[in-house]
Amino acid sequence: MPTNTAVTSATSDDRPSIEALLIAEKLPVKDLPSGLDRFWVVRDHGTIIGVIGLELYWPFGLLRSLAVSPGHRSLGIGNMLVQAVEEQAAKLDLDSIYLLTETAKLYFEKRGYTIVERDNTPDAIRQSSEFSHVCPVSAAVMKKTIGK
336 MPTNTAVTSA TSDDRPSIEA LLIAEKLPVK DLPSGLDRFW VVRDHGTIIG VIGLELYWPF
396 GLLRSLAVSP GHRSLGIGNM LVQAVEEQAA KLDLDSIYLL TETAKLYFEK RGYTIVERDN
456 TPDAIRQSSE FSHVCPVSAA VMKKTIGK
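What follows is the structure, given as structure tokens:
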């Protein structure tokens, strides 16, 4: 684990580094929000090595853009980022978090997320850019209940 590793809020200055990491991991960047208010990063000596975002579709959240640089995987950084989003979702009193993934289904299953049929996904989530046109229909939809 890199020293002084902590999850911190992203800033607008982080955008180029976040985009570079997402592109390197073949994740979408065209629909990133103009502000990064609900994005978090992990740094190693000032370099962003992990990122995650949470879009709000009250009372649901959409976890997006989880990426950890290859040289820093298997160190718990992804877990720290997911935990930060889940804690934020709980503070916001969200009912559940949804996500779409093509490659990390097992990772999220180990963290309590379950597969959901696309047709059983709330309308607000289905209308998000991630769901409606950014992620392919082959992506698995997963959900974790946060609220009571």
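Numbered per the numbering used here, the sequence shown spans residues 336 to 483. Glycine included, each C-beta is placed from N, C-alpha and C at the ideal position.
Establish whether the CB of P457 and some CB of chain D are separated by less than 7 angstroms.
Of the chains in the structure shown, none is chain D; there is only one protein chain.
What separation, rounded to the nearest whole angstrom, lies between the Cα atoms of S369 and S352?
Taking the sequence shown and counting its residues from 1, the one referred to as residue 369 is at position 34. Taking the sequence shown and counting its residues from 1, the one referred to as residue 352 is at position 17. Those two C-alpha atoms are separated by around 15 angstroms.
Those runs of the beta strand (DSSP E) which lie wholly inside the region 358-398 and span at least 3 residues
374-379, 382-392
Would a C-beta distance cut-off of 7 angstroms place L389 and G396 closer than the cut-off?
The residue you call residue 389 lines up with position 54 of the sequence shown. The residue you call residue 396 lines up with position 61 of the sequence shown. Yes, they are a contact pair.
How about V376 and T340: do their beta carbons lie closer than 7 angstroms?
As a first step, residue 376 is located in the sequence shown; it is residue number 41 there, counting from the start. As a first step, residue 340 is located in the sequence shown; it is residue number 5 there, counting from the start. No.
Residue environment, G413, which counts as buried when at least 16 other CB atoms sit within 10 Å:
For the purposes of this step, residue 413 is taken as the residue at position 78 of the sequence shown. It is buried - the Cβ of G413 has at least 16 other Cβ atoms within 10 Å.
Inter-residue CB distance, G447 and L416 (contact presumed, cutoff 8 angstroms):
For the purposes of this step, residue 447 is taken as the residue at position 112 of the sequence shown. For the purposes of this step, residue 416 is taken as the residue at position 81 of the sequence shown. With 8 angstroms as the limit, G447 and L416 do not qualify as a contact, their Cβ atoms being about 15 angstroms apart.
Report the three-state DSSP secondary structure of L427 (helix, strand or coil).
Stepping through the sequence shown from its first residue, residue 427 is reached at position 92. In the structure shown, L427 sits in coil (DSSP, three-state: anything other than H, G, I, E or B).
Under the three-state reduction of DSSP, which class applies to K479: helix, strand or coil?
For the purposes of this step, residue 479 is identified with residue 144 of the sequence shown, where counting begins at 1. Three-state result, K479: strand.
Report all residues from its chain with a CB closer than 6 angstroms to the CB of P363; omit the five preceding and five following residues, and keep chain order.
Looking up residue 363 in the sequence shown gives position 28. For P363, where only same-chain residues beyond five positions count, the Cβ hits under 6 angstroms are V469.
Who are the near neighbours of T346 in its chain, counting only those whose CB is closer than 8 angstroms to its CB and skipping five residues on each side?
For the purposes of this step, residue 346 is taken as residue 11 along the sequence shown, with counting starting at 1. These residues qualify, in order along the chain: L371.
Rounded C-alpha distance that separates T436 from R350:
Indexing the sequence shown from 1 puts residue 436 at position 101. Indexing the sequence shown from 1 puts residue 350 at position 15. Each residue's alpha carbon lies about 22 angstroms from the other.
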